[in-house]
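Enquirer: Chains as they are written, first to last, in this note's numbering: chain A, 199 to 416; chain B, 199 to 416.
Handing you a structure now.
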DNA sequence: CCGGCAATCACATAAAGGTGTGAGGGGGGC
DNA sequence: GCCCCCCTCACACCTTTATGTGATTGCCGG
């Protein structure tokens, strides 16, 4: 291939840092531009080395990797960042993803796979530990959340609520369902009681939060 | 370990099927319950073998893997399904994820990793090819979509709109922003003009669709 | 300096929404 | 049969929204 992959490594544990650094240095196609125990000089290091890929530990003394990530991505959006950590709690994972991480490896990842991950992100992939991937997937899979309201709302009431969620007026809903506007009022009244709200807007927002979101109508 | 992992394999390519089947059979801890070239007898096979993990090819003659997946998950929600395909287009990937796939491997995955993936999903992970993982991550990251309205709405108008999206009444918004209710009216009037709507509800729905969703208030 | 726009406020009117009260018919369970 | 819930409708009354028509102030740029 053309150029080597320029890599920066941030890892506070000395043994780990030196171990990974050694491995990266020894790998053809990778150029280890630097290995540091903290991100306190992040900006100047970024500017000096212009890395393609950054291996970034989350837990470091001083500024954490999660704080450093958005800085990196705002300065050099094309730099690919692989997060490394011993923890895979939802909060960190999603914060990292939102901030633009391209990979997420737990610390128990074998060194050989770390090297593989570097090439992976460089080629446009997103290597991640399978437990992290599971968290991400679960986010998509319809939160089989228990519709707390699903049970209490009668089917007619659900019809009316769907009408509201499409932005319809009472009159429109009445026409669509072929009932009188007063009936619509009555249903809405009951829906409000059951949902514990007292306005159209609140009902819609609540319905959406609870997962009624079928907001594709029209 | 306790029991073996019971695996079903669906793959129409004979060589591939027999190759993977051989490997799975030879792996301690795995019990290959069956290997089939199509899913036409899916239900009876599921019932007969009660697999823990299913390796499911997407492109098969007759019913496709994407069609089979929701059936599997509705019948046996706890069964872990790993999708396999040569394609990684967004459409299929997300359809599979929404339908409950637990893993997604491209066909160029080395056999050894396929075996690893079986154990991975069984232990609650979600092995996926890094290119697939990238697609999934991008889904989270790109929301910085172009706010078509972001430009036309003045900052004060955005304040008011955010208030609406929190379900506030004019009066509440007025109080919160320390302005008169008539001023709120005026702003809302202008927002409606710019968004081409004519009710609170429409404005909120439109704002959400366009990505203003910061609906975390309160 | 002037025109344009953002932001503020006012007054007025009509339409839509929220709430109280009541009521009749149908179906299911006990 | 009686009770309860769902669905239907009606009328009344008040609040909130939507819209029309102005007006004042302040900032920015030509």
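Cβ coordinates follow ideal geometry from the N, Cα and C atoms, glycine included.
I need the boundaries of the alpha helix (DSSP H) containing residue 406 of chain A, first residue and last residue.
Expert: It spans 398-407 - the alpha helix (DSSP H) in which residue 406 of chain A sits, taken as one unbroken run.
Enquirer: Within its chain, find whatever has a CB closer than 7 angstroms to the CB of residue 315 of chain B; leave out the 5 residues flanking it on each side and keep chain order.
Expert: Same-chain partners within the cutoff: 280, 301, 303 and 325.
Enquirer: Go ahead and pull the three-state DSSP assignment for residue 243 of chain A.
Expert: Helix.
Enquirer: For residue 373 of chain B and residue 398 of chain A, what's the separation of their Cα atoms in angstroms?
Expert: Their backbone Cα atoms lie some 21 angstroms apart in a straight line.
Enquirer: Taking the C-alpha atoms as reference points, what is the distance between residue 250 of chain B and residue 283 of chain A?
Expert: So the two alpha carbons sit approximately 30 angstroms from each other.
Enquirer: Take residue 391 of chain B and list the residues in its own chain whose beta-carbon comes closer than 7 angstroms to its own, dropping the five residues that flank it on each side.
Expert: Hits under 7 angstroms: none found.
Enquirer: If you follow the alpha helix (DSSP H) that residue 212 of chain A is part of, which residue opens it and which one closes it?
Expert: Residues 212-224.
Enquirer: Tell me whether residue 364 of chain B counts as near the ligand SAH, meaning its Cβ is closer than 7 angstroms to at least one heavy atom of that ligand.
Expert: The ligand SAH is not part of this structure, which contains no ligands at all.
Enquirer: What would DSSP say about residue 274 of chain A, mapped onto helix, strand or coil?
Expert: Residue 274 of chain A: coil per DSSP, three-state reduction.
Enquirer: What does the alpha-carbon distance come out to for the pair residue 257 of chain B and residue 307 of chain B?
Expert: Rounded to the nearest angstrom, the two C-alpha atoms are 16 angstroms apart.
Enquirer: So residue 325 of chain A contacts chain B; which residues on that side make the cut at Cβ distance below 8 angstroms?
Expert: Those are 328 and 331, listed as they occur along chain B.
Enquirer: Less than 8 angstroms between the CB atoms is what I'm expecting for residue 331 of chain A and residue 323 of chain B, so what's the real figure, rounded?
Expert: The Cβ separation is near 7 angstroms, so the contact holds.
Enquirer: Could you give the C-beta distance for residue 221 of chain B and residue 319 of chain B, rounded to a whole number, given that I count them as a contact under 8 angstroms?
Expert: Actually they are not in contact, since the Cβ atoms of residue 221 of chain B and residue 319 of chain B sit about 16 angstroms apart, beyond 8 angstroms.
Enquirer: Can you check whether the CB of residue 206 of chain B is closer than 8 angstroms to the CB of residue 231 of chain B?
Expert: In contact: residue 231 of chain B and residue 206 of chain B (Cβ atoms closer than 8 angstroms).
Enquirer: Rounded C-beta distance between residue 259 of chain B and residue 210 of chain B? I'm assuming under 8 angstroms.
Expert: Contact flag correct, Cβ pair sits at about 6 angstroms.
Enquirer: Does the beta carbon of residue 398 of chain A come closer than 8 angstroms to any beta carbon on chain B?
Expert: By this cut-off, residue 398 of chain A is an interface position.
Enquirer: Which term fits residue 290 of chain B, buried or exposed, when burial requires 16 or more other beta carbons within 10 angstroms of its beta carbon?
Expert: Buried is the call here.
Enquirer: Residues of chain A with CB under 9 angstroms from residue 322 of chain B, in chain order?
Expert: Here the neighbours are 328, 329 and 332.
Enquirer: At 9 angstroms on the CB atoms, spell out the chain A contacts of residue 403 of chain B, in chain order.
Expert: Residues of chain A passing the Cβ test: 363, 364, 365, 402 and 413.
Enquirer: Check each candidate in A:215, A:233, A:271 and A:311 and name the one with the smallest Cα separation from residue 327 of chain A.
Expert: It is A:311.
Enquirer: Using a 10 Å radius around the Cβ and a threshold of 16 neighbouring Cβ atoms, would you call residue 227 of chain B buried or exposed?
Expert: It counts as exposed.
Enquirer: Looking at C-alpha atoms only, which residue of A:254, A:405 and A:395 is the closest neighbour of residue 264 of chain A?
Expert: Nearest option by C-alpha distance: A:254.
Enquirer: Please go through the same chain and pick out, in chain order, the residues whose beta-carbon is closer than 6 angstroms to the beta-carbon of residue 276 of chain B, but skip the five residues on each side of it.
Expert: Within the same chain, residue 276 of chain B has no close Cβ partners at all.
Enquirer: Going by DSSP, what residue range makes up the beta strand (DSSP E) through residue 230 of chain B?
Expert: Start and end: 228-234.
Enquirer: 8 angstroms is my cut-off, CB to CB: does residue 222 of chain A come that close to chain B?
Expert: Cβ-Cβ to chain B under 8 angstroms: no for residue 222 of chain A.
Enquirer: Is the CB of residue 254 of chain B under 8 angstroms away from at least one CB in chain A?
Expert: No, residue 254 of chain B lies away from the interface with chain A (no Cβ there is under 8 angstroms from its Cβ).
Enquirer: Shorter than 8 angstroms from the beta carbon of residue 393 of chain A to some beta carbon of chain B?
Expert: No, its Cβ sits nowhere closer than 8 angstroms to a Cβ of chain B.
Enquirer: Is the shortest distance between the beta-carbon of residue 318 of chain A and the beta-carbons of chain B less than 8 angstroms?
Expert: Chain B contact via Cβ: present.
Enquirer: My understanding is that residue 401 of chain A touches residue 359 of chain A, with C-beta atoms under 8 angstroms, so please give their C-beta distance in whole angstroms.
Expert: The pair is a contact, with the Cβ atoms about 7 angstroms apart (cut-off 8 angstroms).
Enquirer: Measuring alpha carbon to alpha carbon, tell me which residue in B:247, B:236, B:383 and B:246 is nearest residue 266 of chain B.
Expert: Ranking B:247, B:236, B:383 and B:246 by Cα distance to residue 266 of chain B puts B:236 first.
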